[in-house]
Structure formats: C-alpha cells, structure tokens
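A.B. asks:
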Amino acid sequence: MEFKDQENYKELGKLLLMGVVVGFLGYTFFGIFYIFFPMLFMESSVKNGILPTMGVMLGVSVIVGLIFNLLAGLSLFFVFAPMILAFHYMVTSKKGYMPTLILMVVALTLSSVSLQLGLTPLGSVNIEEISEELIQTQIDEIDEDLTGLEASRLEENLRFINEMSIKLIPGLFFIFILIIVYLNYVMVGRRLLRQGILINQPPIFSNLQLPRISILVFGIIIGVVLILQNSGMEIYEVIYLNSIMVFGLLFYVNGLALVSNLLGRVKMLNFIKTFIILAMVFFIPAGAVALILGVLDTLVNFRKIRIKRE
907 MEFKDQENYK
917 ELGKLLLMGV
927 VVGFLGYTFF
937 GIFYIFFPML
947 FMESSVKNGI
957 LPTMGVMLGV
967 SVIVGLIFNL
977 LAGLSLFFVF
987 APMILAFHYM
997 VTSKKGYMPT
1007 LILMVVALTL
1017 SSVSLQLGLT
1027 PLGSVNIEEI
1037 SEELIQTQID
1047 EIDEDLTGLE
1057 ASRLEENLRF
1067 INEMSIKLIP
1077 GLFFIFILII
1087 VYLNYVMVGR
1097 RLLRQGILIN
1107 QPPIFSNLQL
1117 PRISILVFGI
1127 IIGVVLILQN
1137 SGMEIYEVIY
1147 LNSIMVFGLL
1157 FYVNGLALVS
1167 NLLGRVKMLN
1177 FIKTFIILAM
1187 VFFIPAGAVA
1197 LILGVLDTLV
1207 NFRKIRIKRE
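Per my numbering, the very first residue in the sequence shown carries number 907; after that it's consecutive.
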C-alpha cells in the first residue's frame, strides 16, 4: 500500500511538472500547446483519481498564474476543468464514446463562452466598429493607383468578406472546440491502452460514424431557420450559415471515414487508398462525393453491407 502511494505521489509530481511546462510553452511561445493541456489531466484522472488530479491541475494553474498572469493561469483551470470532470464521469460510468464526446464538447463550450462573457461583457465590444477600422486599414494599404471603380469594388469585396467572417465565428469556434475534444479523447484513450487500461474511446478513423440522429438534428435546425426567416428575424442567416458549415464538415468527415472503411474491406492497396482519400481532401468534386456519402451514411448503414471477395 505504501509503495503504491509513493508511485501515485511520483505520478502526481510528474503531472505537476508537465503541466507547468506545457503552460509555460503555451504562454510564452506557442498557444497551440494549450490544446494538449487537458490530455495530461484526463489520463491522470483515470490512473490516479479525479480529486488528486484536479488538485494538481489547480496547483499548475496557480503556478502559471503567479509566473506570468494570474488571470491567464486560473483561466486554464476554469476552461478545462469541466471538460475533464465530464470525461472522468462518463469513463468511470462506462458510457459510450459518442455520449462522452458530446458531453465533453458541451462542457468545454459552456466554460469557454462563460469565461469570454466574463472577460468581455456582452455589448462592451463594438464588432461593427472594429470591422470598419479593419476594412479601412486594408484599403489604405492597397496601391493608390487604383481607379475609383476598382477601389469601390475592392471595398465592397472586403466588406462582404469581413461580414461573412464575423457571421461564421460561432461555427468556427464550435469546430475548434470539437477538434480539441476529439484529439485529447483519442490520444488519452490510446495512451491508456498502451499501459493496459481500456476505456470506451473513439474507434480508428475508418470505423468512425456519425449517429443517425445527426441528420434529424440538422433537419430540425433547418426547420427552425425557415420559421425564423418567415418571421422576418435576421438571425436566421447566421444560424443557417453556421449550421451548414458545421454539419457540412461533420458529414464530409463521415464520408471520408466511410470511403476509408470500404476501401479497407476490399483490401485496396495502400497507395491507391491514400490517393483516393487525398483526392477527396484536395479536389472539390471528389470532396462533394465524400459529403454526399457522409449524409447517406446517416440514413443507410453502408458499413453493414457485406462485400464478397474472390
């Protein structure tokens, strides 16, 4: 028992050190390191328990805060702690990987939005004014030799691009959250598996499949958009554009996974399989095929179709 306690203390000590290192690298050099910050504590929550792990995480946040900025340090704990708690609860309850993934996404989204609203209260930032200043700066940097008509067209295009960018912020934010959760979940699952600890986790990419309810949710959202449009509420466009972007990406990835699955089942040569997948990534027509297949795969389970081989 004493030996086991010593091992746990060593594990928690390493966790503290690694957490501070990742926090240091994320704050001083590459903010992208923060993407992998929760992975350390998700793995520890399974191996060492949730209470010691959360205590170490709070300690890491305080240390990073004292070294650099207290608000920035504590923000790490506030943003990622709910996601880690959700992960630990679902894993210890032996829930499926899809409900676990969804709950983690919800937890990280709510904590991130809450922090942002706390730091910048709604209405305190004038997005239109910032956008106008950005457009004017871009116009000023363009060659002065432009004719009046060319300058007018340029300004019109810049306004359209900036307007669309602002409208798509919620969808881009959600996709970023989804990527963070998925990467951390997959890496933790694989790391634990190498240590002989098995948890419910996302399958390999070729076996990844959206639940059938996803197409129903998409249909409901489109129905709500139509109701809002008929009611004259301008917010319908923002909801529509972001829904198309998010679900379009989900169906597209689902289609890629389906194609990878089918090619694997027919024992396709690896270089041909890689070529087909890359074609669907880089060529729009092939990507459209993947998108359509992804939608159809939520209606008809192609993966259950038996493929006869000679």
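Even for Gly, the Cβ is constructed at its ideal location relative to N, Cα and C.
Figure out for me which residue from 973, 920, 950 and 957 has the closest Cα to the Cα of residue 851.
C.D. replies: Outside the modelled stretch of the chain, which goes from 907 to 1216, sits residue 851, for which no answer is possible.
A.B. asks: Please report the straight-line C-alpha distance between residue 1068 and residue 1125, rounded to a whole angstrom.
C.D. replies: The residue given as residue 1068 occupies position 162 in the sequence shown. The residue given as residue 1125 occupies position 219 in the sequence shown. Between the alpha carbons of residue 1068 and residue 1125 lies a gap of roughly 28 Å.
A.B. asks: Would DSSP call residue 1135 helix, strand or coil?
C.D. replies: Counting from 1 along the sequence shown, the entry for residue 1135 is found at position 229. Of the three classes helix, strand and coil, the one that applies to residue 1135 here is helix, per DSSP.
A.B. asks: Smallest Cα separation from residue 993: which of 1088, 919 and 928?
C.D. replies: For this step, residue 993 is matched to residue 87 along the sequence shown. Of the candidates 1088, 919 and 928, the one whose C-alpha sits nearest the C-alpha of residue 993 is 1088.
A.B. asks: Terminal residues of the continuous alpha helix (DSSP H) containing residue 1167?
C.D. replies: Walking along the sequence shown from the start, residue 1167 turns up at place 261. 1141 to 1171 is the span of the alpha helix (DSSP H), which, as asked, contains residue 1167.
A.B. asks: Can you give me the Cβ contacts of residue 1116 inside the same chain, cut-off strictly under 8 Å, excluding the 5 residues immediately before and after it?
C.D. replies: To locate residue 1116, count along the sequence shown from 1; it is residue 210. Result list for residue 1116: 1156, 1157, 1160, 1200, 1203 and 1204, in chain order.
A.B. asks: Starting from the C-beta of residue 967, find all residues in its chain whose C-beta is less than 7 Å away, skip the five residues before and the five after it, and write them out in chain order.
C.D. replies: On the sequence shown, residue 967 is found 61 positions in, with the first residue counted as 1. Within the same chain, 979, 980, 982 and 983 come within 7 Å of residue 967 by CB-CB distance, once the 5 residues on both sides are set aside.
A.B. asks: State the Cα-Cα distance for the pair residue 975 and residue 969, rounded to the nearest angstrom.
C.D. replies: What you label residue 975 is simply residue 69 of the sequence shown in a count that begins at 1. What you label residue 969 is simply residue 63 of the sequence shown in a count that begins at 1. Near 10 Å, if we compare the C-alpha coordinates of residue 969 and residue 975.
A.B. asks: What does the alpha-carbon distance come out to for the pair residue 1092 and residue 1040?
C.D. replies: Taking the sequence shown and counting its residues from 1, one reaches residue 1092 at position 186. Taking the sequence shown and counting its residues from 1, one reaches residue 1040 at position 134. If I take the Cα positions, the gap works out to 39 Å.
A.B. asks: So, does the segment 936 to 943 touch the segment 998 to 1013, judging by three or more C-beta pairs under 8 Å?
C.D. replies: Segments in contact, no.
A.B. asks: Taking 8 Å as the cut-off, does the segment 1178 to 1189 touch the segment 1122 to 1139 (at least 3 CB pairs, one atom from each stretch)?
C.D. replies: no
A.B. asks: Taking 7 Å as the cut-off, decide whether the C-beta atoms of residue 900 and residue 1170 are in contact.
C.D. replies: Only positions 907 to 1216 of the chain appear in the structure, and residue 900 is not among them; the question remains open.
A.B. asks: Which residue wins for smallest C-alpha separation from residue 957, given the options 991, 932, 930 and 1020?
C.D. replies: Here residue 957 is taken as the residue at index 51 of the sequence shown, counted from 1. Among 991, 932, 930 and 1020, the Cα nearest to that of residue 957 is on 991.
A.B. asks: Given this structure, state the Cα-to-Cα distance separating residue 1166 from residue 1118, to the nearest angstrom.
C.D. replies: Residue numbering aside, residue 1166 sits at position 260 when the sequence shown is read from its first letter. Residue numbering aside, residue 1118 sits at position 212 when the sequence shown is read from its first letter. In a straight line, the C-alpha of residue 1166 is about 19 Å away from that of residue 1118.
A.B. asks: Taking all protein chains shown into account, do 16 or more other C-beta atoms lie within 10 angstroms of the C-beta of residue 1163, making it buried, or fewer, making it exposed?
C.D. replies: Translated into positions along the sequence shown, residue 1163 becomes position 257. Here residue 1163 is buried, its C-beta having at least 16 other C-beta atoms within 10 Å.
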